[in-house]
Every structure is written in structure tokens, then in C-alpha cells.
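Anchor point for the sequence shown: position 61 equals 64 in the working numbering, and the numbering is continuous, going up by one each time.
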Amino acid sequence: MLVPITALYAGALGLLMLVLASRVSAERIRLGASLGTDAAPSLLEAVRRHGNFVEWVPFILLLMASCELNGFDSDYLHVAGLTLLFGRVLHPFGIKHKVIPQPLRAAGTILTFGVALALSVVAMWQWLPSAQAQQTQQPQPVGTRLILLGTAGGPAIKKLRAQPANAVIVNGSVCIVDAGNGVARQMALADVPPQALRAVFITHLHSDHVADYGTLLLRAWQSGLKCVVDTYGPVPLAAMTVSYLQYMDWDIQLRIRDEKRPPFAGLVRAHNISGGGLIYQDENVKVTATEVPHDAAKPAYAYRFDTADLAIVFSGDTASSENLIKLAAGADILVHEVVNIDGVDATVNETDPGNEALKRHVIAAHTPIEEVGRVATQAKVKKRVLSHVVPTGQRAFDQPELWLQSVRKTYKGEVVVGEDLLQITATAEAKN
Ligand SMILES: [Zn+2]
């Protein structure tokens, strides 16, 4: 749940509103007054008790939800909610026709005013960090860069390659595709500025693609991120985001209080995606998704990034896919996963010898090297980048010349065997 504290007090206040509304109805029935108040003091009192409630409470709940979404301290939110609830309970008892002074009414009004004022100030205060950050942004380099942050395939711990992650940097603005274990460290090694993170795209929810999704966001925030980051991926990515915020809540709240960090929750906007099509667009990049087959890991997505100078497609994890061929049509770069079927036994034996279910999954869920070449040929892509290689780090299989030999049987274009931290630009490629 995104705003559990607001929901708690909205529920309690909703019950109070029902009591006030039912009192109006009961008076109307008793007096036979279907419209207006017929100048009956009891009905006039009931109408004003209910009316004052609906004039104030919905807007204050909106303020409360805004503050909660932007990471306002949960203890203070409870104080605001309890104060509002107490004020709204007192207020109706103080409304009496032609009776002044009305202490309970005055107390209810003061408490309501106080909560509205406090939450309004907090909401505006929460806006300030992002506004200040926008004013102090430095000029960014122009053009598109692709950096392979992690090129390993599979969830086991590897020495030679990091788990899947990629950076697409357009005019200094950073998009991350997949967030395997170590993605934040790999960003640092590649000099990708965490403060420039704008969006994260998760191809599917296998742990090697999402293990450090929350860590990436948290460490970016702790590294000075001040702008909103949009994240996209299959259901239940949004719920996973909320869970991670709860998991790290102790640290987040402490740093906000103790280190005067800006609110964190409001900097992350998670989106579940379903089906394909355009899912994201800003001034630098347009991102299109299509569903791809990845054995039981459903749904899984491939993403296409169109910028002013490059079209880059990420296959994610997929078996051979006609959807992917359509998505990648005419792209400059296709970053495609790959498996060498001859090396599957070696992969399985590395972690769980004899596990036939694992062997079946690896074969069914991924694209054999020869098929990768066919996909690239049919899609007419200019450059093919092999990543998420299976087996990873096995000397008998995971060597550039071996991968190249196999893929060239079915693809005559330019092939790059991916390595961690390899950088590709629109005009040239260079390894950091
Ligand atoms: Zn996978």
C-alpha cells in the first residue's frame, strides 16, 4: 500500500462522515423536509455539521497523502491524523443553533486549521529540494551512449562478469535497463552519475535482473539524487517497490531526520506494465516494449530505446522471438542474450550437478547462439552485442572468439562480444 497512514485516517474519518450524513437524513425524514432546512434548527445544525466536515476533510486527506508519498515522517503523520480526527469529533458537538460561544466548535476548528496549515507547509517544503536541484543542474554532454554494466547470465555468483545491467545515457540523462546484483558499483566503475538517474526498466523479475533494483534507487538517493525516477517492469514491480521502501524504512527515516536528506519515497514512481507499445517518453528518449517468451518467467519484456542518434534494443531474457525481431527492425544496436547449448551441462554442473529441471529451463528459456544470428539478420540491425552469456566464465565456452565463430554462421553484420563496462557511442566505441 502506497499511503497506509493516510488510508487509516481516511477510513476512520469516512465512518465519522457516515454518522454525520445519516443524522441529516434522519432529521429530513423526521421533519419531512426533502430540500433545504425548513428553518428547523435541528436540521440546520445537522446540515452544518456534515457540511463543515466535507468542506475540510477531503482536501486535508489529499495533503496528507501528498506528504506521505513524499516521505514525510510517519510519526508526525500519525500526530496530524489523530489531531484531525479528534478535531472533527469535537466540532459537531459544538454546533448549536444561535448559541455563542461554542467552545467545542472553536476547538475543532482550531485543530482542523492547524493540521491543514502544517500539512500545507510540509507539502511546499517537500517541493523545495527538487526545485533547487533543477536550478543547480550542470550542462550535460550531448549524444547517446550505451554502457554494458553487467553481462553475466544466470543467478549464481560469478567472478568474471557482473549480473545483468545496462546504462543508456542520453544528453547526460541516465536510464538503467535491469538491475542485477552490483549495478550501483558497476555504475561507479563506469562513471555513470547516480544523480542523473531518470528511469529504470526491468525486463523481467528473475532475481539476476532485479536483485539490486531497490539498492540502485536507495544508493542513488544517498548519492545526491533529487529528481523523480520512473521505474517500469512486470507486475508486481510497484508492490516490490513499496516492500523495499518498508524494508529500508528505518534507514530512510533516520537519514531524513538525522542527515536532513530529502524525502525518498516521493522520488520513486513505479509503474507495472502490461502488454507492449510505447511505455515511456521524455525530451531525450522514447521507450517501446514488447513481450518475449522466457519459459515460466511471464511476462518478460524486450525494450527499444529511440534517441536522436541511436536506436538500441535490449532482448532481455528470451527464447527465439518473432516479437523481438519486429521490435528490433532497423535498429542500430541489438543487445541480445545468448546461450551455447553445448555448455548447458557445464552451467548446471557448476551449481547443481544432475538437476534436469534446471537444464530444461536453461535450454527452453534462452536463445541458442545460432538463433541469435538469425534474429539479428531478419531484423536488419547494424550492430549485434552479445550479453547475458550462458555459460558465463567457463573458459571452454566463454571466450570472445568462440562466441564470434558461432554467431557468424548466421549473421554477417558487426558483432561485439559484450564485456562488463564496455561503452558504445553513436560514432565510436571505447572501453573504459
Ligand atoms: Zn531470466
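Beta carbons are placed, not taken as given, at the ideal position from N, Cα and C, and that holds for glycine. None of these values were measured; they are calculated from a predicted model.
The three-state reading of DSSP puts residue 326 in helix, counting H, G and I together.
Counting only runs that start and end inside the region 303-369, the alpha helix (DSSP H) elements of at least 4 residues fall at 325-330, 347-354 and 359-368. Where residue 390 is concerned, the enclosing beta strand (DSSP E) starts and stops at 386-393. Put simply, the region 322-333 touches the region 286-301. At least three CB pairs are less than 8 Å apart. The bridge partners DSSP lists for residue 169 are 151 and 180. Here residue 367 is exposed: its Cβ has fewer than 16 other Cβ atoms, across all protein chains shown, within 10 Å. Of all C-beta pairs linking the region 334-345 to the region 267-279, fewer than three are shorter than 8 Å, placing the two stretches out of contact.
In this structure, residue 181 has its CB at a distance of at least 6 Å from all heavy atoms of ligand 1. Residue state for residue 206 is assigned as coil, using DSSP reduced to three classes.
If you look at residue 429, you'll find it isn't in any alpha helix (DSSP H); DSSP assigns it neither H nor E. Taking C-alpha positions only, residue 131 is separated from residue 177 by approximately 23 Å. Not one heavy atom of ligand 1 falls within 6 Å of the beta-carbon of residue 191.
When secondary structure is reduced to three states using DSSP, residue 233 falls in the strand class. Residue pairing by DSSP places residue 273 opposite 234 in a beta bridge. Annotation: residue 113 to residue 90 spans about 8 Å, alpha carbon to alpha carbon. Residues whose Cβ lies closer than 5 Å to any heavy atom of ligand 1, listed in chain order: 209 and 320. Across the set 322, 314 and 41, the C-alpha of 322 shows the shortest separation from the C-alpha of residue 298. Between residue 384 and residue 420, the alpha-carbon positions lie close to 15 Å from each other. DSSP links residue 281 through a beta bridge to 291.
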